[in-house]
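Worksheet: one structure, shown below.
2 protein chains.
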Amino acid sequence: MSEIQRPGALYQQVAAAIREAILSGEFAPDSLLPSEAQLMTRYGVSRPTVRNAIAALRAEGLIDVRHGKGSFVRSDGQPSLTIERRISRTPDGKFVMPNGDVWQEAEEPHTYRTHTTKATGRLLQLGEEEALFGCDRLLLDPGTGTRAMHRTLIPFAVADVVPALAEDPYKRSGALYRQLTEDGHKLTWSETVRARMPLPDERTTLQLPDATPILHLARVTHDSDDRPLILEELRIGADRAELAYRISADKQPARGTRH
Amino acid sequence: MSEIQRPGALYQQVAAAIREAILSGEFAPDSLLPSEAQLMTRYGVSRPTVRNAIAALRAEGLIDVRHGKGSFVRSDGQPSLTIERRISRTPDGKFVMPNGDVWQEAEEPHTYRTHTTKATGRLLQLGEEEALFGCDRLLLDPGTGTRAMHRTLIPFAVADVVPALAEDPYKRSGALYRQLTEDGHKLTWSETVRARMPLPDERTTLQLPDATPILHLARVTHDSDDRPLILEELRIGADRAELAYRISADKQPARGTRH
DNA sequence: ACTCATAACTCGTTAGGACGAGTGACGTCA
DNA sequence: TGACGTCACTCGTCCTAACGAGTTATGAGT
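As you go down the protein sequences, you meet chains F and V in turn. In my numbering, each number is its position in the first sequence, counted from 1, plus 199. In my numbering, each number is its position in the second sequence, counted from 1, plus 199.
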């Protein structure tokens, strides 16, 4: 029967006590926490209060709760998959996507036609409602079981001008890059990284645990004249994967980047 | 009185109905949702059920709830701050950190001495319990009000060998890089990006809304012989900031990256 | 017209109760 | 011995009830 007094609401005091016990190591990772009934008597509170405290800890990603079994301290293990966001070429000029070979396609790719949104239009330097080729892939890393959602978007307007893209806009990235390079294009890439909570369909598709954000990457392939050719998006659970970049120190002065 | 029947629990059906209404535009961003009492009569359920549904939508980051006012549709605005993770040099060799000038120090830096953990030791290619200089900064972007937590870690063992670091390990990054370069070091950088839910102290320090993950960056500065010199960590709320990288296509074959 | 107390709304917290559903151990029966 | 059903334990869902606390509009009083 621990005494609690500190700050604010009862359930927050209970949550703080449990959190402290976890972070101090009293409850080891993967170990079973006391049941709701035990916590009720231990802190002298009602079940809603205990459940409220547990809900707070779940939202922090500190514990996992399994129906019929109990609450477990989540092991804050490192991500098991490091995704190198780099593009390499073998001496004979062939593109090699780091990690590109480990990804399998868990389903048949889904190809479709769509239009730019405000967000995708901005990245492709287009207005809204511009026509696009779209291709969605569900990728799977058999080694770790990690899943990722991949999307390729190519504007009609670009495919009209670039034969390599009109031929088959639904190729995989490495094939597209190679084709473009063979046609004489000098490619550059820029990538933005964001994180957010998953929508329900992303949560089920990626098989994410509670309180797990997703990393959302947007990679734009540019031509030598800085015209955007391809937009690729990758969504992946942040519990299993991390991104790795090599940072280059170029000789040009930095430009302003706020927008 | 909308009818609901679909899947699983009652509160999930209610949550799905509200979510659908939001995503379909029936409830515009920043608009006020019906109150709990109204939702109770509208769906014919009790208050706990309504609150459970609302809690689910909060955890998804879809709505914000303000005590005494109501629930509001969160505007899924783009991040207002794009952080260029690039290192540039002016023609005379001076380092320029993109965005480096916009950051102010919201507090006096906190310097201390600590030891490697399993995670930081791995990045610095050291064992555990190796002595480190530490410096924590709370950064502030006055333009957007965005806050970020920055940490610099330098091993004693490195400072012993590299005079530029022993002199003052608590300088800001740009000054450290310049000093090292003047001393003849050829620097390279690698960076890993992860996302996770914030701990309570991070949540308050960074002033984060509900269901907002943080982006966690770890940048390692390497010497020309690939020895790690400096580890920098940056933690920032994913609601306000995104990261931008330029991806280089180098000529070397890719190495395996799984670990 | 202005000030300020009150009322009426909002969500937040806590309690108590009841039943459903997943899990695993135990014991019975074949 | 083995299969299987029961039971006790876990968390999940749903309800009623009451009060606290923040916000805003209303209206009375000055």
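For each residue, glycine too, the CB sits at the ideal point set by N, CA and C.
Apart from sequence neighbours up to five positions away, the residues of its chain that approach R350 (chain F) with a beta-carbon distance below 6 Å are D335, E432, ordered along the chain. Of the residues V:Y444, V:A227, V:A255, the one whose Cα lies closest to the Cα of R393 (chain F) is V:Y444.
E283 (chain V) sits in a strand when the DSSP states are folded into three classes.
The criterion of a C-beta distance shorter than 8 Å is satisfied by A437 (chain F) and L414 (chain F). Membership of G373 (chain F) in the alpha helix (DSSP H) is indicated by the continuous run 372 to 381. In the three-state scheme derived from DSSP, where H, G and I count as helix and E and B as strand, G320 (chain V) is classed as helix. Along the segment 200 to 274 of chain V, the beta strand (DSSP E) occurs as fully enclosed runs of 3 or more residues at 262 to 265, 269 to 272, listed in sequence order.
Taking a 10 Å sphere around the C-beta of Y242 (chain F), we find 16 or more other C-beta atoms and assign the residue as buried. At a cut-off of 8 Å between C-beta atoms, Y444 (chain V) counts as an interface residue with respect to chain F. For P397 (chain V), the secondary structure class from DSSP, reduced to helix, strand or coil, is coil. Bridge pairing for G436 (chain F): F:I413 [DSSP]. Along the segment 244 to 263 of chain V, going in chain order, the ones with a CB nearer than 7 Å to a CB of chain F are A258, E259, G260.
What A448 (chain F) touches in chain V, judged by beta-carbon distance under 9 Å, is R285, I286, S287, R288, F294, Y376, L386, T387, W388, going in chain order. Between the C-alpha atoms of I446 (chain F) and T387 (chain V) there is a straight-line separation of about 7 Å.
For L338 (chain V), the secondary structure class from DSSP, reduced to helix, strand or coil, is strand.
Under the Cβ criterion of 8 Å, A220 (chain F) is not counted among the residues facing chain V. For M396 (chain V), the closest C-alpha among the options F:E219, F:D409, F:K370 is that of F:D409. Assignment of P362 (chain V) by DSSP, reduced to helix, strand and coil, places it in the helix class.
Counting the other CB atoms within 10 Å of its CB gives L352 (chain V) a total of 16 or more, which places it among the buried residues.
The contact set of L238 (chain F) on chain V, defined by CB atoms closer than 7 Å, is empty, because the minimum CB distance reaches about 19 Å. Residues are counted here when their Cβ sits less than 9 Å from a Cβ of chain V; for the segment 323 to 348 of chain F these are D340, G342, T343, given in chain order.
Note on geometry: alpha-carbon atoms of S287 (chain V) and G373 (chain V) lie some 10 Å from one another. Contact between K317 (chain F) and E327 (chain F) holds: CB atoms are separated by about 6 Å, below the 8 Å threshold. Using a Cβ-Cβ cut-off of 9 Å, E381 (chain V) is close to nothing in chain F; its nearest Cβ partner there is about 15 Å away. At least 8 Å separates the CB of L407 (chain F) from every CB of chain V. Three or more Cβ pairs drawn from the segment 252 to 271 of chain F and the segment 217 to 227 of chain F lie within less than 8 Å of each other, which places the two stretches in contact.
For Q277 (chain V), a Cβ of chain F is located within less than 8 Å of the residue's own Cβ. The C-beta of R434 (chain V) comes no closer than 8 Å to any C-beta of chain F.
For P412 (chain V), the C-beta contacts it makes with chain F under 8 Å involve A394, R395, M396, P412, A437, in order along the chain.
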